[in-house]
Amino acid sequence: MDGIPVTFAVSVPPDRHADVRAAPHFRRWLLQAASRFDLRAVAVRDVVFFGHRVGFILVEADAWHAGRQVPGAALLRGDSVSVLVVLHCPGHPPRTILTCEPRLPVACPDLLALPAGMLDGGQLVSTALRELAEEVGTDLTVRADMLVELTTVWLSPGGCDEAITLYAVDLDIDAQAMRALDGRRTGNACEHETIHLRIIDLDAIPGIGRTDAKTLLSYHLYRNLKDRSPGPADMVSKTE
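For the sequence shown, the UniProt record's numbering begins at 1 and goes up steadily by one.
Here you go:
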């Protein structure tokens with residue numbers, strides 16, 4: 001990996017080259033690409049920095065496989081996690097928490113989707129818990145041992161490195177606490193997040209309109225898991 005030449009476009013500040021090389025998502029991608037392809041060179045075309053942190057990295061690689069050159073453009077943004085929170089309240093069908101927030105890349109000002117976030121070099125479970133605290137609030141008690149991993153998938157492998165790990169958690173909750181969640185404003189102000197929470201019936205997810213892959217996939221995987229595990233819920237825990 002160290003022998004592969006990495007060059008930078010003039011738009012990338014020279015004093016940030018070392019930061020890009022050291023970024024966890026760049027190093028991981030470079031290591032994996034070099035081990036699975038004949039990787040001859042990598043050109044960093046552009047980088048989006050979030051303050052001191054290295055964000056999106058656009059690369060173009062001279063890469064070969066089975067004697068043929070392969071498409072070399074990739075957007076590196078790192079991996080992410082999401083959590084399907086299933087709320088169990090007496091007298092109500094299972095419900096879930098969705099975030100409603102602007103998503104400029106798809107020109108949607110009010111996308112409904114599951115709470116999620118980027119790893120940014122962190123661990124999967126700790127990131128999932130952090131994102132729940134930031135996007136939902138700290139009044140829901142969710143521990144690491146309560147999370148059930150549904151799967152890990154690539155979201156757009158034709159152009160982006162991101163893989164997302166999908167978690168689910170079942171929580172018992174009373175009606176007052178559930179009402180307090182619906183419509184709550186959350187988000188990390190430092191990251192310009194503007195989030196409104198929505199509480200909907202779990203089985204309403206397929207009918208909410210256009211959403212993202214993680215939301216639909218998490219719903220169907222969770223339902224499949226429950227269908228294969230009849231009887232007392234094996235994932236139910238209680239909030240304090």
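Virtual Cβ for every residue (Gly too), placed ideally from N, Cα, C. Computed from a prediction, not measured in an experiment: that's the story for all the values here.
Check your understanding: The beta strand (DSSP E) with Asp62 in it runs from where to where?
Key -> The residue you call residue 62 lines up with position 62 of the sequence shown. Start and end: Arg53 to His65.
**Study point:** Span separating the alpha-carbon of Thr127 from that of Asp62
**Key:** Within the sequence shown, numbered from 1, the residue matching residue 127 stands at position 127. Within the sequence shown, numbered from 1, the residue matching residue 62 stands at position 62. Cα to Cα, Thr127 sits roughly 33 Å from Asp62.
Point to revise | N-terminal and C-terminal residue of the beta strand (DSSP E) that Val172 is part of | key: The count along the sequence shown starts at 1 and reaches residue 172 at position 172. Note on residue identity: the sequence assigns Asp, not Val, to residue 172. Looking at the DSSP string, the run of the beta strand (DSSP E) that includes Asp172 is Ala163 to Asp172.
Exercise for review: With a 10 Å radius around its C-beta and 16 neighbouring C-beta atoms as the bar for buried, classify Trp29 as buried or exposed.
Suggested key: Numbered from its first residue, the sequence shown carries residue 29 at position 29. By the neighbour-count rule (16 or more Cβ atoms within 10 Å), Trp29 is buried.
**Study point:** Reference Asp110, options Asp212, Trp64, Arg223 and Ser80, closest by Cα
**Key:** As a first step, residue 110 must be located in the sequence shown, where it is residue number 110. Per the Cα distances, Asp212.
Point to revise | Spatial distance of His22 from Asp201 (CA atoms) | key: Numbered from 1 along the sequence shown, position 22 holds the residue referred to as residue 22. Numbered from 1 along the sequence shown, position 201 holds the residue referred to as residue 201. The question names His, but residue 22 in the sequence shown is Ala. Taking the straight line from one Cα to the other gives about 44 Å.
Exercise for review: Scan the stretch 55-130 and note each continuous beta strand (DSSP E) run of 3 residues or more that stays entirely inside, going in chain order.
Suggested key: Counting only runs of 3 or more residues that sit fully inside the stretch 55-130, the beta strand (DSSP E) segments are 73-76, 80-88, 95-103, 108-113 and 116-118, in chain order.
Exercise for review: Would you kindly report the start and end of the unbroken beta strand (DSSP E) that includes Asp40?
Suggested key: As a working note, residue 40 is residue 40 in the sequence shown. Reading the sequence as shown, one finds Arg at residue 40 and not Asp. Where Arg40 is concerned, the enclosing beta strand (DSSP E) stretches over Asp38 to Phe50.
Review point. Near Ala33, what residues of its chain come up, given a Cβ to Cβ distance below 6 Å and the 5 sequence neighbours on each side ignored?
Key: Along the sequence shown, read from residue 1 onward, the residue named residue 33 stands at position 33. Hits under 6 Å: Leu39.
Review point. Roughly how many angstroms separate the alpha carbons of Val44 and Asp19, rounded to a whole number?
Key: For the purposes of this step, residue 44 is taken as the residue at position 44 of the sequence shown. For the purposes of this step, residue 19 is taken as the residue at position 19 of the sequence shown. Roughly 13 Å separates the two Cα atoms.
**Study point:** Local Cβ density within 10 Å of Phe50, reported as buried at 16 or more and exposed below that
**Key:** By one-based count along the sequence shown, residue 50 stands at place 50. Around the C-beta of Phe50, fewer than 16 other C-beta atoms lie within 10 Å, and the residue is accordingly described as exposed.
**Study point:** Between the CA atoms of His88 and Ala177 - distance to the nearest angstrom
**Key:** Here residue 177 is taken as the residue at index 177 of the sequence shown, counted from 1. Here residue 88 is taken as the residue at index 88 of the sequence shown, counted from 1. So the alpha carbons of these two residues sit roughly 11 Å apart.
Practice item. Determine the contact status of Leu166 and Leu84, defining contact as a CB-CB distance below 9 Å. Key: Position 166 of the sequence shown, counted from the start, is the residue given in the question as residue 166. Position 84 of the sequence shown, counted from the start, is the residue given in the question as residue 84. Contact flag set, yes.
Exercise for review: Determine the closest residue to Thr99 out of His220, Arg228, Asp182 and Gly55, with distance taken between C-alpha atoms.
Suggested key: For the purposes of this step, residue 99 is identified with residue 99 of the sequence shown, where counting begins at 1. For Thr99, the nearest C-alpha among the options comes from Asp182.
Practice item. Compare the Cα-Cα distances from Thr151 to each of Ala180, Gly159 and Asn224 and report the closest residue. Key: If you number the sequence shown from 1, residue 151 lands on position 151. Closest by alpha carbon: Asn224.
Practice item. Rank Arg228, Ile195 and Ser82 by C-alpha distance to the C-alpha of Arg103 and give the top, closest one. Key: As a position in the sequence shown, residue 103 is number 103, starting the count at 1. Nearest of Arg228, Ile195 and Ser82 to Arg103, Cα basis: Ile195.
Check your understanding: By how many angstroms is the C-alpha of Gly159 removed from the C-alpha of Pro93?
Key -> Position 93 of the sequence shown, counting from 1, holds the residue named residue 93. Position 159 of the sequence shown, counting from 1, holds the residue named residue 159. Using only the alpha carbons, I get a separation of about 39 Å.
Practice item. State the CB to CB distance for the pair Leu114 and Thr186, rounded to an integer number of angstroms; the pair is presumed to be in contact (CB under 8 Å). Key: Within the sequence shown, residue 114 is the residue found at index 114, counting from 1. Within the sequence shown, residue 186 is the residue found at index 186, counting from 1. 14 Å between Cβ atoms; not a contact.
Review point. Buried or exposed: which applies to Gly67, given that a residue is buried once 16 or more other Cβ atoms fall within 10 Å of its Cβ?
Key: Counting from one through the sequence shown, the residue named residue 67 turns up at place 67. Gly67 comes out exposed.
Point to revise | Expected contact under 8 Å - CB spacing of Leu119 and Val70 to nearest Å | key: Working through the sequence shown from its first residue, we reach residue 119 at position 119. Working through the sequence shown from its first residue, we reach residue 70 at position 70. Not quite, the Cβ-Cβ distance comes to about 26 Å (not below 8 Å), so this is no contact.
Practice item. Would you grab the beta carbon distance between Ala163 and Val148 for me? Rounded to a whole angstrom, and I think it's under 8 Å. Key: Sequence index remark: in the sequence shown, residue 163 carries index 163 (1-based). Sequence index remark: in the sequence shown, residue 148 carries index 148 (1-based). Not confirmed; about 18 Å, so no contact.
Review point. By Cβ distance below 6 Å, which residues in the same chain neighbour His65 in space, the five residues on each side in sequence not counted?
Key: Working through the sequence shown from its first residue, we reach residue 65 at position 65. So the qualifying residues of the chain are Phe37.
Practice item. Give me whichever residues DSSP pairs with Val153 in a beta bridge. Key: Here residue 153 refers to the residue found at position 153 when the sequence shown is read from its first residue. According to DSSP, which records beta bridges pairwise, Val153 is partnered with Ile164.
Exercise for review: Would you give the residue range spanned by the alpha helix (DSSP H) that Arg198 belongs to?
Suggested key: As a first step, residue 198 must be located in the sequence shown, where it is residue number 198. No alpha helix (DSSP H) holds Arg198; the beta strand (DSSP E) holding it covers Ile195 to Asp201.
**Study point:** Run of the beta strand (DSSP E) containing Val6, from where it starts to where it stops
**Key:** On the sequence shown, residue 6 is found 6 positions in, with the first residue counted as 1. Run containing Val6: Val6 to Phe8, per the beta strand (DSSP E) assignment.
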